[in-house]
Every structure is written in C-alpha cells, then in structure tokens.
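In the numbering used here, the protein residues as written are 136 to 346.
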C-alpha cells in the first residue's frame with residue numbers, strides 16, 4: 136500500500152466514524168422521544184437525510200443500534216464514577232460513598248438521554264436476565280469499604296448497594312421526568328436523600344434480644 140492509498144483509506148475510515156457517530160446521536164434523541172417500539176430506521180434516516188440502506192452499513196438492526204447506545208451510556212457512567220473512585224480512594228469511606236452517590240445523580244441530570252438509555256428505556260422482554268454493568272461494581276466497592284472499615288453496621292454488601300441505588304435512582308429519574316414539579320433546591324433534595332440513606336447505615340451492630 137502506497138502513501139496515497141493509505142491516506143485515502145484513513146480518510147474513508149474517518150468519514151465512516153463520523154457518519155456512525157451522527158447516526159448514534161440522532162438515534163439517541165429519537166429513541167428517547169418516541170420510545171423503542173415507535174422508533175423506526177426509516178424515520179431515523181429521514182431525520183438525518185440519508186438512505187435507509189446507509190444505516191444498515193453501520194448497524195444490522197434496530198436492536199443492535201439500541202444496544203450500542205445502551206452500552207455507550209453505561210460506559211459514560213462508568214467513566215464518570217471510576218474517575219472519582221481513582222482520585223479519592225484515600226478519603227473517608229462514608230464521605231467518598233456520599234460523593235459517589237451524588238456524582239451518579241449529577242451524571243443523570245447532566246446527561247438525561249444517557250440516563251434514559253441506561254435505566255429508563257426498555258427494549259428487551261422482562262423475562263430476559265438483566266446484565267449488571269461494571270459501573271455498579273464501583274458502588275459495591277464503596278459500600279464494601281465502608282463495611283470492612285466498620286463505618287457501617289455489618290450488613291450484606293449487595294443488599295446495601297442495591298438499596299442505595301434504589302434511593303438515588305428514584306430521585307434521579309423523578310428530577311428528569313418531572314422537571315415541572317415545584318422541587319426545592321436540587322442539591323438540597325439530593326443531599327437529603329443521600330444523607331437519609333447513608334446515615335441510617337452508620338453505627339455498630341445491635342445485639343439481638345435473647346442473644
């Protein structure tokens with residue numbers, strides 16, 4: 136391959152990547168607006184001004200396109216949380232956990248379309264098993280550290296991590312989906328939810344009666 140052929144190949148690759156990213160961004164907005172069932176590849180093609188066949192050069196089906204967006208959204212969340220975990224592992228475990236929970240909510244509010252794909256849109260059947268993304272492992276790690284360093288009562292890591300996720304997912308999804316509700320200050324509300332959830336776990340185990 137000579138230099139001219141290499142440059143042409145490189146330019147073609149850049150154009151293909153640019154086109155793929157255009158498709159993904161337009162599809163993200165359309166999926167969020169219309170939902171999975173109402174979404175169509177034909178409508179997407181019309182929106183970005185290309186032939187339907189062009190879409191299938193990049194994605195085999197609507198399902199593949201959707202799953203690509205789901206993975207992309209989870210990966211963005213993972214990068215958001217893993218950066219915090221890497222920078223602040225030396226902080227007090229409870230302080231770090233609260234910061235991690237706040238960062239999760241912050242990600243959702245700053246990136247509502249990503250949050251829709253990660254948690255609010257459904258394409259698969261409810262009977263299909265849910266694949267837990269590594270982003271959740273970061274929360275597990277934060278909880279495990281709190282328990283191992285005796286900041287929390289001796290509780291099950293998985294139960295605590297899921298309970299905390301339920302709390303922050305609740306406030307995140309409500310703030311995204313009900314923006315016109317007369318909420319108090321966002322930060323005040325988020326901090327209250329996180330403090331209520333985390334502070335209830337702090338302390339030593341209470342002996343059972345008759346033990």
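Ideal placement from N, C-alpha and C gives every residue a C-beta, glycine not left out.
A quick note: this is a predicted structure, and the numbers were derived from the prediction, not measured.
Outcome for residue i when other beta-carbon atoms lying within 10 angstroms are tallied against a minimum of 16
{"i": "residue 260", "result": "Because the pLDDT of residue 260 is 49, which lies under 50, any placement of that residue in the model is unreliable, and the question is left without a value."}
{"i": "residue 316", "result": "exposed"}
{"i": "residue 278", "result": "buried"}
{"i": "residue 285", "result": "exposed"}
{"i": "residue 235", "result": "buried"}
{"i": "residue 168", "result": "exposed"}
{"i": "residue 228", "result": "buried"}
{"i": "residue 301", "result": "exposed"}
Which residues DSSP lists as bridging residue i, in chain order
{"i": "residue 287", "result": "337"}
Residue i, DSSP secondary structure in three states
{"i": "residue 297", "result": "helix"}
{"i": "residue 321", "result": "helix"}
{"i": "residue 248", "result": "helix"}
{"i": "residue 314", "result": "coil"}
{"i": "residue 260", "result": "Note that residue 260 has pLDDT 49, beneath the 50 cutoff, so the model's placement of it is unreliable and no number is given."}
{"i": "residue 278", "result": "helix"}
{"i": "residue 292", "result": "helix"}
{"i": "residue 267", "result": "coil"}
8 Å contact criterion, which residue i and residue j should meet: CB distance rounded
{"i": "residue 166", "j": "residue 310", "result": "20 Å between Cβ atoms; not a contact."}
{"i": "residue 158", "j": "residue 216", "result": "Residue 158 to residue 216, Cβ: 27 Å. No contact."}
Completely contained alpha helix (DSSP H) runs for the stretch 172-227, where each covers 4 or more residues:
176-183, 187-193, 197-222
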